[in-house]
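Heads up, the sequence shown is in our numbering, so the first residue is 45 and it goes up one at a time.
Using N, Cα and C, we set each Cβ at its ideal position, and we do this for glycine too.
Everything below concerns the one structure shown next.
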Amino acid sequence: MNNLSFPRLGETSGGGSREKIMVIERQEEGKNLHGVSPVLVEKTIQSYCGTVIAAKKTKDGKIFVTVRNESQVKNLAKISKLADGITVKVYEHKSLNSCKVVVFCRDVKNDTDAAILTIVKVQGITEVKQIMKGPEDNKTPTVIFILTVKGICPPKEIKLGYLLLETRPWYPNPLRCFKCLKFGHTSKDCNSEKKCSKCGEAFHDACNNEAKCVNCKNEHGAFAKECPVLAKEKQLTKLKIDRNITFWEARNIVEEGLKTKYSNTVKASIDEEVKRLTEENSAQSAKIDELNEEKKTYAETLKNELELQFDAKLNQYKEKLNNSIQEKVKKMEQMEENMLALQKRCEHLATSYKEEKHRRKQAEKEVEKLKENCIKSPPRKKKGVTEMTPY
Ligand SMILES: [Zn+2]
Ligand SMILES: [Zn+2]
Ligand SMILES: [Zn+2]
């Protein structure tokens, strides 16, 4: 088992339109090929037809084998038992071995489909269908043609006379039931009641109800282009055509894709939330830092201011103290001066007193002397002079 995918649109894989998809299915009722050794299956395939292009197991336990040519188709179809005796049936895939393409051509607009088919059928084209437009009773031809081509790999171009017409993949409208309006089956296979395409209730004429889609329950009619269910069905069809896979494989891929998309969305929203919270957190941290910085600055300013105030008070106090000291010193000096003056005055007085005392002694001595003199020689009596009485 080598490559597990099939060639896609526009890929050339050597065999061209001769490649085919064969199905190996287990014969026994209710059993499938899950759990059967892939080595044994590969050995069996190789022993019948050599190396094939690709093989893969489907979800329901069948094996799809892409073979190169008609000879491999014939040889593979001969397998009825795998190497370990499991009975199988091998057949060509019903829908995957042809594909539809769209071409545009105004030059054959008025030719019939059959006439065109006779020209192009040598290129492996099995059906030509011109798209018509307008009401059922008055359809007019368009320049669009849908061609069914043999093989799993659509040709890039179709030759029509001298013209080379470029092909595009054809995506049919999703299969829709015109009775219950749901997708995936036709009205022939429908067991449900007929629904109103506007309100989604049981069918009635002239609907005056609010629009409600039978498929998505949104407020639009069942045929609205914006319906998400219709979009999903279209996606499935496109995938099925582009990858040349069955509808069920396409459904699995789309649903896996939606799950991944959903989990990615959830993850993205969680990431977004985490990012938001982180940003908020860092913004708050920044704010806290800013406040801390502000607090620090404020504390510093306050400290400086207090220091300044304190210094100013201290200086004032110092000055006051200095002044009062100086005043006191001056007073003391004054007092000292006064004391000195007093002392001088005292000394002076003491000197004066001594001198006075001395003078007094001198005077007393003189008085004494005079007295002695008077006693030794009393004065002579003169006329008019009264005699002094001695002591
Ligand atoms: Zn239905
Ligand atoms: Zn209605
Ligand atoms: Zn809808």
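Find out if the Cβ-Cβ distance for the pair residue i, residue j is shorter than 7 Å.
i	j	result
Val96	Val111	yes
Val193	Cys143	yes
Thr211	Val147	yes
Ile188	Ile202	no
Val132	Lys106	no
Lys454	Pro185	A query on residue 454 cannot be resolved here, the shown segment of the chain reaching from 45 to 435 and no further.
Cys260	Cys251	no
Arg62	Asn119	no
Thr162	Tyr215	no
Asn235	Leu140	no
Lys284	Ala294	yes
Lys256	Phe247	no
Secondary structure at residue i, three-state DSSP: helix, strand or coil?
i	result
Glu263	coil
Arg320	helix
Tyr206	coil
Ala246	strand
Phe108	strand
Ser396	helix
Ser142	strand
Leu191	strand
Glu416	helix
Glu270	coil
Pro213	strand
Thr131	strand
Val152	coil
Glu338	helix
Lys200	coil
Arg62	helix
Ile289	coil
Val298	helix
Phe37	This structure leaves residue 37 out entirely; the chain is present only between 45 and 435.
Pro179	coil
Thr345	helix
Ile169	strand
Ser57	Residue placement at Ser57 is poorly supported in this model, since its pLDDT is 35, which falls under 50; the coordinates are not used for a value here.
Leu48	Low local confidence applies: a pLDDT of 37 at Leu48 is under 50, so the model's placement there is unreliable, with the coordinate-based value given in what follows. Looking at Leu48 - three-state DSSP - the assignment turns out to be coil, as it is neither helix nor strand.
Val85	helix
Ala99	strand
For residue i, which option in the options has the closest C-alpha, if you only look at C-alpha atoms?
i	options	result
Lys276	Leu219, Glu408, Leu393	Leu219
Lys101	Gln116, Trp214, Ile65	Ile65
Phe438	Ser115, Ile89, Lys125	Since the first and last residues shown for the chain are 45 and 435, residue 438 lies out of range.
Phe222	Lys261, Glu180, Gln387, Ala266	Ala266
Val258	Lys226, Lys282, Val164, Leu84	Lys226
Leu191	Val145, Glu136, Asn382, Pro82	Val145
Tyr206	Asp151, Thr170, Pro213	Asp151
Residue i CB to nearest chain B CB: under 7 Å?
i	result
Val147	Note that chain B does not occur in the displayed structure, where there is just one protein chain.
Within the structure, which residues are defined as neighbours of ligand 2 by a Cβ-heavy atom distance below 6 Å, reported in chain order? Cys240, Lys242, Cys243, Glu245, His248, Cys251, Asn253
Taking 7 Å as the limit, tell me which residues put their C-beta closer than that to any heavy atom of ligand 3, in chain order. Cys257, Asn259, Cys260, Asn262, His264, Ala266, Ala268, Cys271, Pro272, Val273, Leu274
Is it the case that the segment 193 to 203 contacts the segment 238 to 247, given that we only count it when at least three CB pairs across the two stretches are under 8 Å? no
Contact the segment 114 to 131 vs the segment 69 to 81: 3+ CB pairs below 8 Å: yes
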